[in-house]
Every structure is written in structure tokens, then in C-alpha cells.
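Peer 1: Have a look at the structure that comes next, please.
Number of protein chains: 2
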Amino acid sequence: MADVMAEEARRASRVAQALDASVRTKALLSIADALVENESVILQENHKDLEAAKNMDIPAATLQRLKLKDGKIAQLAKGIRSLAEGEDPVGRRLRRTKVAEGLELEQVSAPLGVLLIIFEARPDALPQIASLSIRSGNGLLLKGGKEASHSNRCIHGVIVDAIERAGLPRDLIGLVTSRDEIADLLKLDKLIDLVIPRGSNQLVTHIQQNTKIPVLGHADGICHVYVDEKADPAKVSSICVDSKVDYPAACNAVECILFHRACVSSGLAGKTIADLEAAGVSVRGGTGAAGELGLPPAPSASHEYGDLTVTVEVVGSMEEAVDYIHANGSAHTDCIITEDKEAGEDFLKRVDSACVFHNASTRFSDGFRFGLGAEVGISTSRIHARGPVGVDGLLTTRWLMRGSGHVVNKDKDIDYVHETMPL
Amino acid sequence: MADVMAEEARRASRVAQALDASVRTKALLSIADALVENESVILQENHKDLEAAKNMDIPAATLQRLKLKDGKIAQLAKGIRSLAEGEDPVGRRLRRTKVAEGLELEQVSAPLGVLLIIFEARPDALPQIASLSIRSGNGLLLKGGKEASHSNRCIHGVIVDAIERAGLPRDLIGLVTSRDEIADLLKLDKLIDLVIPRGSNQLVTHIQQNTKIPVLGHADGICHVYVDEKADPAKVSSICVDSKVDYPAACNAVECILFHRACVSSGLAGKTIADLEAAGVSVRGGTGAAGELGLPPAPSASHEYGDLTVTVEVVGSMEEAVDYIHANGSAHTDCIITEDKEAGEDFLKRVDSACVFHNASTRFSDGFRFGLGAEVGISTSRIHARGPVGVDGLLTTRWLMRGSGHVVNKDKDIDYVHETMPL
């Protein structure tokens, strides 16, 4: 069942790719209009999910995410319209080379193919993801949580009707409503090019461990802030507090603050801990700091709290901080606070993480804040896309060559020039 | 054993990345010198492999590849020196954004991490791959075929001694000589970022099917040439013959020629078949052409001969040709021959393959011919790198942000500008 949908989605993606960009743009505007027009039906279906959820054992936070709040549909439509107004990312020229006289090569962006998005609860994720997928010309399979099944079915219907009116094949976006379980979908590595899990760490980890399809995402977000001996105390306090308190459950929240030992003797470590505590943060100590600063011990050197708790550790040098981060971090986002420009640049050069910051909160690690437009996810994989990923992460490339009868013939008669041409 | 080597290689890669580019350049020049200086020892060890191979059941073609021919070492050294002279690919700025006043973001290229190269026979692959890996700052694990074990051990020793003299850690390049089998290496998906198999289709397929580590490569090369009704007969003959005859065993050799039906009635199909046969090619017919052109039947619609045999099929339109290619090709390289510019552009737009050509031999699908410098491989994967892959395929990116105490604080007090800055 899902395999047939995947094949249809690929076929539809090839149709979508060959059409003029204006058709994909029209489809996005059509979705935005249809969502607004069908708001009351969508909310009715969402209400059914909320009613059904009352009889299920669903955590309060999930219920929160399940509910489409007032103004949500209008906000979604606005986001989709702004995506429609943006530049078309498909078929963009990335590179152009004169290979030989009369023989030209170009590399252009192309849809990745077929995406599988597995998401929990949030029905508002569906239109967001579907729009990004259309913008990038991809086929899409959606597998939502059963707690949102009424909402998802309704929104999916509204969307495929809308794209069909605009001239795109409705098979481009398939909602997996059959009994196919996630395990079956994850076996379709010949048919699906990328899986994007949107949900809990457990969901992401489960998917990463159970498929050969590349996974775009991150299971952990163990971010560090290293406070150098030459840090400005005012920046230390505000960056440490913001990195934790702004949104403690986010993957880009800080989990461990490393102080240079000089900050302990200067009192900066103690003052920062007091500032964190004043902001509602519980502070725990790593094996070193627990003794030196008299803090309750952290569960481990590599722990993601996801709440208003943070580990503090003491290191003897930046070298030691970098090693600590490599050994215990998740290569997501790590930050140095220092007024020593050279130390800052050295840290930026040496820390092998997706995002490395100097004197800025780890919370900036985000597709919107980076200016990527819509965010597909944050990847801690090193392959394909790394860090906050925008619509570019849903693209691959193709090489196009134009000649006039050129042959290789053992490279005997051809004069390669390999000149870079303007795009 | 291999897991320890992988961890050491990652550590060494981080050291290499933090060093100045000139150290990596020096290491490459040091390898080139050392290979030349140690030529006689290397050839002695290669001779041992050749002697041992006589008692093994090794095909003649493998023996050919096993032997380091006269002048090979000098040629390798020359290639490595030219890589050393090229631009350093690590830490290159790819994107720069002013996020807000005083807050700047940049995306830079970075080593992928740890590569695993599994190669058969050819000992000359070792220095080539090791040099590309050093150029891109990656850690490397090498697993060679046991038939080349003396050559590999000797060359590996020469290389790690050379890089150590230049100031790089020798752990950067590990030769897996222990009893660890390929199966064990392929389980190290937490420690290895990319596998590059260099060898037979069977090796590549086996690796793709047995690991969760991303694989850069291609198992099949089922390339098509479509001869449009408006094709220039002279170009048809030369491109079809070259695409097959230039190197029939290559993955970019044509396996199936599709003729528009008009070319059958005009006699162009018959003439091309005669030209192919005159060039030594056996021509077989697809289900349509077998009857229409009286050809012996091809084994299947999707067959890679890898020798001087080709399938011919007849289609009614370009539409049908494109569908045929999508259904039976391997999305490697496909070509249209036509004087109709619009049809050519349409084909380039619609065929969903890594390389799509207009009026040029499929044999151009190659990293050197594309002007990518050294070739890492040709990828038919859609993720990360697609088509001929140069040293860029061994890189990922990192995001670096520089602020002066910037915090997010619910985005209340920050004015995002997201201005693209010059690189």
C-alpha cells in the first residue's frame, strides 16, 4: 500500500519538476486560500480528535499540541503565501563550466524525490511540511499520529484538492492512513529518499536505528557554553540565562556550562550560578565542579535535561573545554564567551559541531533566526545537510551537459579547457 | 579494533582541521616525495602480492589491476603534487548573513569526519584516496583486498611516515589489517560518516545492502541514448559508437539505445546498428525492436552488459523515451541526440538522472572530464552528492556565529535583518 503511494509520489514529483515554477507557486496560493475557506470544517475535525483524546492516555502536553488554536489557520495560510512569494528553488544554476569548445556543463538544483515525514500530534505540521515539499518539487508521504487522524485526513483532503485545481497531480502528497506501520514504511529505502521525523527524541532515535533511509534530524541536543577566562561578566550572565531559560525544552538550549578555572577564583562562576538560580534554574555540578563549587552532582557528563536544570563543570583551559565538548556533546550547538578575539576564532575553528557561536546565545541555532525561511529541521548528521535546514535540504542536484556531437574517443581529440562560466 | 582506529581517526581529523592549510599541503608534498623515494621497496612488496596471487584463484583482470606498472608511482606522485597545488577546500566560506546588528552568521566547509574506503585489488587506489582524504581534512580507514596486502601495508607505512614528518598525526589514516571483516566495519555507523566502495558492482551492492552508514557510489550504470526523430545522423553514429566502444566496462557506457519510430522508417536506426556492428558491438533488441528490426532479444529491459553488447528499442515519442528511462534506467547518465533545441531542453528538464546530456557521449560523465579534479566516485544516490563527485563530496559544513552578547529572549528585543553579505 505505502509502496504504491511512494511510487505514485515519485511519478508525480517528476511531473511537478517538469512543470513551470508558476504552477507550484499557484498550488501554494491555492492551498493557502483553501485552508482559510475550510477553516470551520478543519476545526470540527480537530474537535473530534480532541474529544477522542479524552478517552486515551495522552499527556497534557500532547493534547496542547493537538489543538489547532484560534488564528492558527490564518497564520499557516500567511506562512504558505510568503513561501509562494519566495524564489523558486528548483532548477537553480549552481555551477557552470565550459568543458571544451562547444561543450558546456551545468549543475542545477533538483527535487530530492520522495520524502517521508513522520510526525506526532501537531496537525499544523502537515500544511507546513506539504508546502515546503511542493515548493521544492518533491513527492511526499505523510504519516501522522493516530491521535490527530481526523484533523490530518481533513487537512490532507483540502490540500490535495487545492493542488489539483492548480494543475499538480494529487498523488504528489500521500497520507498513509492504511494499517502500514512505521516499521513497514522504514523498509522502503528503494522508494523513499529521505525521512524527516518531527517529534520526540524517542521517535527520532527509533527511526534512526531502524531504517537505511537517510534521516534528517537530531536525537539529542546537548549544547555547551564555555566561559573563557577573558569573558565579559555581563555577557556571561545574559547568554547563560538566555541559553537555558528562553525555551528549556528546545534542542538548542544549553545543557552544560564549562567555566575556565580562573572564573571560579574570580567569583564569576559563583555569580553566574546565582543568576541562573535567580532565573529559576537548578544547577548541578560535573565531577569536578560538584566538589569545587559544592553543587549537587549531575547524572552524567552527557545529559540532556530538557528542563530548567543545567550542569556546570570546571576546566583548566580552552583545550580542555574543546575536548570535553567533543567527548560529551552531541555536535549540535556550542558557544564560547570571551573578549579575547583570538580565543574566540580558535574555538570557532576547532569545535566540530554543526553550529559554533562566539558571544551569542545557543538559542539562535534555528532556521528562522538564521534567515533560512521555513525550517525543515535541525540536522546533526554530517551528510547532506547539517545544522538548521531550510528548503535547500530537500534538494539534490543534476548535471546537464550540452554539446554538438562531442565524443570522448580516449580523450585523444578533445581539448579540455574547464573554464568556470558566469551563472 | 577497527572501532578504536575509527575513534583515533576522528580525533586526528579534528587536529588536522584545526591546523593551518599549509600543513595539509606540506603533508601531500611529503607523500609524493616519499612514494618516489620508496619506489623500489613498494615494487618489491607488490611483487610478493603478485607471486602469492599465482597460488590463488584470481581472475586475470584482477591480476592486471594488482600489478603496479612501470611509471605508476611517478604518475601517482604527480597527481598528488597537483592536488597539493590546488585550492584548500576546508574552511571555505559558502554563505554569510548579517542576522541582526552586530550578529553575523557564516557557513563554512568542513571535513566530513571519518571515511571508510573499501577497495579491491588496485594498490594504486590507496595513495590516491589517502591524498584526497588529507586534502579535505578527513580521517580515513582503509580496508583493502587481501590479494594486495603486502603492497597496501608498505604504501600505508610510507604515507603515514610522510604525513607525520609534515606535522599531521599518523592516526589520521588507518589501515585495517586485523581480522575485522567488512561486515564488522559496516556496523560502525556511529563512528564512520561515509563508506566509499571502490570495486565491482557486487561489492557495492553488498555494502549498500548491509550498512546504515551512507554509501557514496553506484551499483549500476544503465545509461541510455535516445535518438530523436530530428537527430543529425552523423552525430547519432559517432555518439552511439563512442558511448559504447570507448570503454564498454565503464559505468557510463551506454547499455540501451532508444530510437524514435521515425528513425526506423528513415533507415537511421538500421544504419546506426550497422555502424555499431562495424565497431564490434553486438546489438540486441528490446521487446519492440526485436520484432521490428529483426534483432536477437535482449535479456531484459534493464540490463547492464558491461561489454561490447547493447540493447536497441523503439519508442513512439520522447514522452515514451523518458518514461522508459525512468522505468528501466539507473538514473546515472542519459543522453538525447536531436537538432531540435526545444526537444533537447525538454529532455534535459525532464529526465530525472544524475547526468543528462544533449548531443554528447555518455562517456563524458566523469569527474576529470567534468573538471572536478580528482574523482572520489560517481554517486547515483540522491543524498549528499550526486553524479561524478570530486573532493567536495568529502566535505560537510558548519555554521559559525559571531555576536557581542546577543540573546534571543523570545525574539522580543532583536531586530532580524537577514542581509546577505559578500563572501
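Respectively, the protein sequence lines represent chains A and B. 1441 is the number of the first residue of the first sequence in our numbering; add one for each residue after it. 1441 is the number of the first residue of the second sequence in our numbering; add one for each residue after it. For every residue, glycine included, the Cβ atom is placed at its ideal position computed from N, Cα and C.
With three or more beta-carbon pairs closer than 8 Å as the criterion, would you say the stretch 1728–1735 of chain A touches the stretch 1764–1777 of chain A?
Peer 2: The stretch 1728–1735 of chain A vs the stretch 1764–1777 of chain A: no contact.
Peer 1: Between the stretch 1596–1617 of chain A and chain B, which residues of the former have a C-beta closer than 8 Å to a C-beta of the latter?
Peer 2: Answer set for the stretch 1596–1617 of chain A: empty.
Peer 1: Using the DSSP secondary-structure output, state which residues sit across from Val1752/B in a beta bridge.
Peer 2: Per DSSP, Ile1697/B and Gly1725/B.
Peer 1: Anything in chain A within Cβ reach of Asp1780/B, meaning under 7 Å, just list it in chain order.
Peer 2: Those do not exist, as Asp1780/B stays about 13 Å from chain A at its closest Cβ, beyond 7 Å.
Peer 1: Contact defined as beta carbons within less than 8 Å: I believe Thr1651/A pairs with Val1635/A. What is the distance between those atoms, to the nearest angstrom?
Peer 2: Right, the Cβ-Cβ distance comes to about 6 Å (below 8 Å), so this counts as a contact.
Peer 1: Can you tell which of Leu1788/A, Ser1722/A and Asp1682/A has its C-alpha closest to the C-alpha of Asp1851/B?
Peer 2: Closest by alpha carbon: Asp1682/A.
Peer 1: Give a yes or no on whether the minimum CB-CB distance between Cys1703/A and chain B is below 8 Å.
Peer 2: No, Cys1703/A does not count as interfacial toward chain B.
Peer 1: With a threshold of 8 Å between beta carbons, is Met1841/A in contact with chain B?
Peer 2: Interface residue, yes.
Peer 1: Could you tell me if Met1841/B is buried or exposed, where buried requires 16 or more neighbouring beta carbons within 10 angstroms of its beta carbon?
Peer 2: With 16 or more Cβ atoms within 10 Å of its Cβ, Met1841/B is classed as buried.
Peer 1: Counting only the same chain and skipping the five closest in sequence on each side, list residues whose C-beta sits under 7 Å from that of Ile1622/B.
Peer 2: Closer than 7 Å at the Cβ level, and outside the excluded window around Ile1622/B, lie Ile1558 and Lys1583.
Peer 1: In whole angstroms, what separates the C-alpha of Ser1677/A from that of Gly1614/B?
Peer 2: C-alpha separation (whole angstroms): 44 Å.
Peer 1: What residues in the stretch 1642–1665 of chain B have a beta carbon less than 7 Å from any beta carbon of chain A?
Peer 2: Per Cβ criterion, the list reads Lys1652 and Pro1654.
Peer 1: Asn1478/A CB to nearest chain B CB: under 8 Å?
Peer 2: Taking Cβ atoms only, chain B never reaches closer than 8 Å to Asn1478/A, which makes this a no.
Peer 1: Using a 10 Å radius around the Cβ and a threshold of 16 neighbouring Cβ atoms, would you call Asp1611/B buried or exposed?
Peer 2: With 16 or more other Cβ atoms within 10 Å, it is buried.
Peer 1: Just mark Lys1509/B as buried or exposed, buried being the case when its beta carbon has 16 or more other beta carbons within 10 Å.
Peer 2: Exposed: under 16 other Cβ atoms inside 10 Å.
Peer 1: If I'm right that Arg1809/B touches Ala1693/B with Cβ under 8 Å, what's the distance once you round it to whole angstroms?
Peer 2: Their Cβ separation, rounded to whole angstroms, is 14 Å, which puts Arg1809/B and Ala1693/B out of contact at 8 Å.
Peer 1: Measuring only the C-alpha atoms, how far is Tyr1745/A from Thr1820/A?
Peer 2: Whole-angstrom Cα-Cα distance: 18 Å.
Peer 1: State the DSSP-derived secondary structure class of Cys1594/A, mapped to helix, strand or coil.
Peer 2: Helix.
Peer 1: Hey, how far is the Cα of Glu1479/A from the Cα of Ser1573/A?
Peer 2: Spanning the two alpha carbons is a distance of roughly 22 Å.
Peer 1: Give the C-beta separation of Val1847/A and Ser1571/B to the nearest angstrom, bearing in mind that I take them to be a contact with Cβ-Cβ under 8 Å.
Peer 2: About 31 Å; that fails the 8 Å criterion.
Peer 1: For Pro1673/A, which of helix, strand or coil comes out of DSSP?
Peer 2: Residue state, collapsed to three classes: helix.
Peer 1: Please give the ranges of any alpha helix (DSSP H) in the stretch 1614–1672 of chain A, keeping only runs that are unbroken, at least 4 residues long and fully inside the region.
Peer 2: Segments of the alpha helix (DSSP H) lying fully in the stretch 1614–1672 of chain A: 1622–1625 and 1641–1649.
Peer 1: Going by beta-carbon coordinates alone, are Leu1626/B and Asp1443/B separated by less than 8 Å?
Peer 2: Result no, Cβ atoms of Leu1626/B and Asp1443/B do not sit closer than 8 Å.
Peer 1: Are the C-beta of Val1569/A and some C-beta of chain B separated by less than 8 Å?
Peer 2: It should be noted that the sequence gives Ile, not Val, for residue 1569/A. No, its Cβ sits nowhere closer than 8 Å to a Cβ of chain B.
Peer 1: Reducing DSSP to helix, strand and coil, say where Met1758/A ends up.
Peer 2: Reduced to three states, the DSSP call for Met1758/A is helix.
Peer 1: How would you write the range of the alpha helix (DSSP H) that Ala1452/B sits in, first residue to last?
Peer 2: Ala1452/B -> alpha helix (DSSP H) spans Ala1442 to Ala1458.
Peer 1: Express the C-alpha separation of Leu1556/A and Lys1512/A in angstroms, rounding to a whole number.
Peer 2: Cα to Cα, Lys1512/A sits roughly 24 Å from Leu1556/A.
Peer 1: Looking at chain B, is there any beta carbon in it that lies within less than 8 Å of the beta carbon of Lys1789/A?
Peer 2: Closer than 8 Å: yes.
Peer 1: Would you be able to state if there are at least three C-beta pairs under 8 Å between the stretch 1826–1841 of chain A and the stretch 1538–1549 of chain A?
Peer 2: Contact holds: three or more Cβ-Cβ distances are below 8 Å.
Peer 1: Just to make sure I have the definition right: I need the residues of chain B whose C-beta is within less than 8 Å of the C-beta of Lys1675/A. Which are they?
Peer 2: Per Cβ cutoff of 8 Å: Ser1844 and Gly1845.
Peer 1: In whole angstroms, give me the CA-to-CA distance for Val1829/B and Cys1795/B.
Peer 2: One C-alpha to the other measures close to 12 Å.
Peer 1: Helix, strand or coil: how does DSSP classify His1766/B here?
Peer 2: Three-state DSSP puts His1766/B in a helix.
Peer 1: Below 7 Å on C-beta distance, what does Val1530/A contact in chain B?
Peer 2: The contacting residues do not exist; Val1530/A stays about 10 Å from chain B at best.
Peer 1: Could you compute how far the alpha carbon of Arg1505/B sits from the alpha carbon of Glu1485/B?
Peer 2: When rounded, the distance between both Cα atoms is 15 Å.
Peer 1: At 8 Å on the CB atoms, spell out the chain B contacts of Asp1672/A, in chain order.
Peer 2: By Cβ distance, chain B contributes Gly1845.
Peer 1: Along chain B, which residues have their Cβ under 8 Å away from the Cβ of Asn1849/A?
Peer 2: Result: Asp1682 and Asp1686.
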